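Student: If you want the numbering used here, it's the 1-based position in the sequence shown plus 845.
C-beta: ideal position from N, C-alpha, C; glycine also.
As the structure is a computational prediction, the values presented were derived from the model and not from experiment.
Take this structure first; my questions come after.
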Amino acid sequence: MKYRVLIGMEVHLQLRTKSKMFCRCPVRFGAPPNTLTCPVCLGMPGALPVPNRDAMIRAIALARALDCDIATDTKFDRKNYFYPDLPKGYQISQFDRPLATGGCVEIVTEEGIKRIRLRRIHIEEDVGKNIHEDGSKLSRVDFNRAGTPLVEIVSEPDIASPEEAHKYLDALRAVVRYLDISDANMQEGNLRCEPNVNIHIETEDGVVKTPIVEVKNLNSMRNVERAAICEIARHQELYRELGAKVADLPRSTCGFDDQTDKTFVMRQKEEAHDYRYFPEPDIPPIQIGSAWLGTANDMVPELPRAKRQRFADDYGLSAYDAENLCRERSTADYFETVVKAGAAAKPTANWLLGDVSFHAKERQVAIAALGLAASRLASMVNLVEEGKVSRKAAEKDLLPRMIAEGADPAQLVTDLGLAQVDDSSVLEEAARQAIAQNPKAAADFRAGKEKALNALKGLVMRETRGKANPTVVESVLRNILETE
Ligand SMILES: [Zn+2]
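Here's what the structure looks like:
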């Protein structure tokens, strides 16, 4: 079966603001149920919503960062539906005049940079939360979340595989975190996404399109990927069963069960007309002027893609290293501080993405939050580069203590007696002993077997209890073997 995968992504992002979208209730997670509410967010008759300026500006900054066209005139609409977590019976959202249109999210694929086009970005309010307690027949509703500012970011179906879906979310989240407008954490629900999946099958009679399925309830990047894989397989199966008739099936909405790793059809997908959108009569249309645009502009820092490019150009890093360093703004900034403190860029990148990253993951913090002073890391990187301490000793003895105790690496080298031996007269004696112990390796090397040198190097390292500078050991050995 020859087919093409089309995935469009709808992302809901909670903005980190002090107060809710249309009232003054604080936005806070974890407060006792229904303590952060007022007549506006509870939908009491006569209560009037007032848009949150901060939320508007944050959303504009996001639109800027994603190269969208920002509307000069925008308005809010009522999206009508009934659900217990929606106290008003409608959600204030945006319909025909969204905040922004166009723009794109760039992802890095094997073939290079791919631009996933965006359709629109609009602002709306979050709903409350239904709580179903185990063993209870009751459902309770907590309205603390109701009215929290949300932006919805809708992409075109340019995402061509489950893996690209993951990359898209990663890239979008990186931009959001650079802007510092949301925690964008899927587990905590401040970033929620609904992939819209279908496949186009090439047949002798033309292209057959399976109906678009929207997948809900995904709480991790991994589940997004798994759900997409599952849907693609299901669409192929449907085509095998129904042939071209598959195109006549209605659009539907699916859930995903991460226990069974399966998607399940919940209902037919709603169409826009089902929601009876109409203009929100309590909020006049909004004109976005230069003052808001200026403030939003000032919020946009150097973004991941520009930073990646600069890191590659200025520091000679590989695309891979640059991408990984720039994923979190704090890590990228930290890298630059270490380099400014005098460490060479490439080894610094290796340390950060290797051992330092390992310690950060173990403690579940960002690299920059490890408490590792940039100047100390720089001095450790230099000690290794200058051959004053072995990489292994730095990994095993220096770095863990620097992180745990804030220790100074040069001091540790002295205190722990870790200084590398690079005095060639000392090493020459050890090298001669090694050659005497393993004359076969020496003969092999002289006969042209380069690898035989490793055995001799190993002996010298053992003799010096790992403290010999491997580069000097190698040159001393070569010198003896090649000239004597
Ligand atoms: Zn309120």
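Just grab the DSSP bridge partners of G1051 for me.
Tutor: T1048
Student: So E1125 and F874 are in contact, right, with Cβ under 8 Å, and what is the actual spacing, rounded?
Tutor: About 27 Å; that fails the 8 Å criterion.
Student: State buried or exposed for P884, treating a residue as buried only when at least 16 other CB atoms are found within 10 Å of its CB.
Tutor: exposed
Student: Got a sec, what are the start and stop residues for the alpha helix (DSSP H) S864 sits in?
Tutor: Looking at the DSSP string, S864 is not in any alpha helix (DSSP H), and its letter there is neither H nor E.
Student: Report yes if the C-beta of L887 is less than 8 Å from at least one heavy atom of ligand 1; otherwise report no.
Tutor: At least one heavy atom of ligand 1 is nearer than 8 Å to the Cβ of L887, so yes.
Student: Please report the residue range of the beta strand (DSSP E) in which S793 lies.
Tutor: The requested residue 793 is not part of the displayed model; the chain covers only 846 to 1329.
Student: Assuming S1235 and G1311 are in contact, meaning their beta carbons sit under 8 Å apart, how far apart are those beta carbons, in whole angstroms?
Tutor: 7 Å
Student: For M854, name the three-state secondary structure that DSSP assigns.
Tutor: strand
Student: Mind reading off the beta-carbon distance from L1222 to N1035? Whole number of angstroms is fine, and I expect it under 8 Å.
Tutor: Going by Cβ atoms, the distance from L1222 to N1035 rounds to 31 Å, so no, they are not a contact pair.
Student: Tell me whether M846 is buried or exposed, calling it buried when 16 or more other Cβ atoms sit within 10 Å of its Cβ.
Tutor: When all chains shown are included, M846 counts as exposed.
Student: Can you tell me where the alpha helix (DSSP H) with N1283 in it begins and where it stops?
Tutor: Here N1283 belongs to no alpha helix (DSSP H), and DSSP marks it neither H nor E.
Student: Considering only DSSP beta bridges, list what S1000 is partnered with.
Tutor: L963
Student: Measure the Cβ-Cβ separation of L851 and I1044 and say whether it is below 9 Å.
Tutor: yes
Student: Do V1052 and V1042 have their beta-carbon atoms positioned less than 9 Å apart in this structure?
Tutor: no
Student: Buried or exposed: where does V1069 fall if 16 or more other Cβ atoms within 10 Å of its Cβ makes it buried?
Tutor: So V1069 ends up on the buried side.
Student: Once you ignore the five residues that flank S1224 on each side, which residues in its own chain have a CB closer than 7 Å to its CB?
Tutor: P1254, A1255
Student: In chain order, what are the residue ranges of uninterrupted alpha helix (DSSP H) at least 4 long that sit wholly in the region 887 to 951?
Tutor: 898 to 910
Student: Which residues in the same chain have their Cβ closer than 6 Å to the Cβ of E946, if we skip the five residues on either side of it in sequence?
Tutor: Looking at the sequence provided, one finds Thr at residue 946 rather than Glu. Excluding sequence neighbours, T946 sits near D914, R965.
Student: Since N1324 and L1304 are thought to touch, with beta carbons under 8 Å apart, how far apart are those beta carbons, to the nearest angstrom?
Tutor: Rounded, the Cβ-Cβ distance is 16 Å, inconsistent with contact.
Student: Determine which residues share a DSSP beta bridge with N1041 and list them.
Tutor: G853, E1059
Student: My output table needs one value for A1164: the three-state DSSP class, helix, strand or coil.
Tutor: helix
Student: Please return the same chain residues whose Cβ sits closer than 6 Å to the Cβ of D1289, not counting the five positions on each side in sequence.
Tutor: A1297
Student: Determine the direct distance from the alpha carbon of L1301 to that of A1276, and round the result to whole angstroms.
Tutor: 8 Å
Student: Whose CA, out of Y926, R1079, L1014, E997, lies closest to the CA of R960?
Tutor: Relative to the Cα of R960, the nearest Cα in the group Y926, R1079, L1014, E997 belongs to L1014.
Student: In this structure, does DSSP put V1021 in helix, strand or coil?
Tutor: helix
Student: Near S864, what residues of its chain come up, given a Cβ to Cβ distance below 7 Å and the 5 sequence neighbours on each side ignored?
Tutor: C870, P871, V872, N897
Student: Since L911 and G853 are thought to touch, with beta carbons under 8 Å apart, how far apart are those beta carbons, to the nearest angstrom?
Tutor: Rounded, the Cβ-Cβ distance is 15 Å, inconsistent with contact.
Student: Check whether the Cβ atoms of V1317 and D1267 lie closer than 9 Å to each other.
Tutor: yes
Student: Would you call E1116 buried or exposed, if buried means 16 or more other Cβ atoms sit within 10 Å of its Cβ?
Tutor: exposed
Student: What do you get for D1003, buried or exposed, if any count of 16 or more other CB atoms within 10 angstroms of its CB means buried?
Tutor: buried
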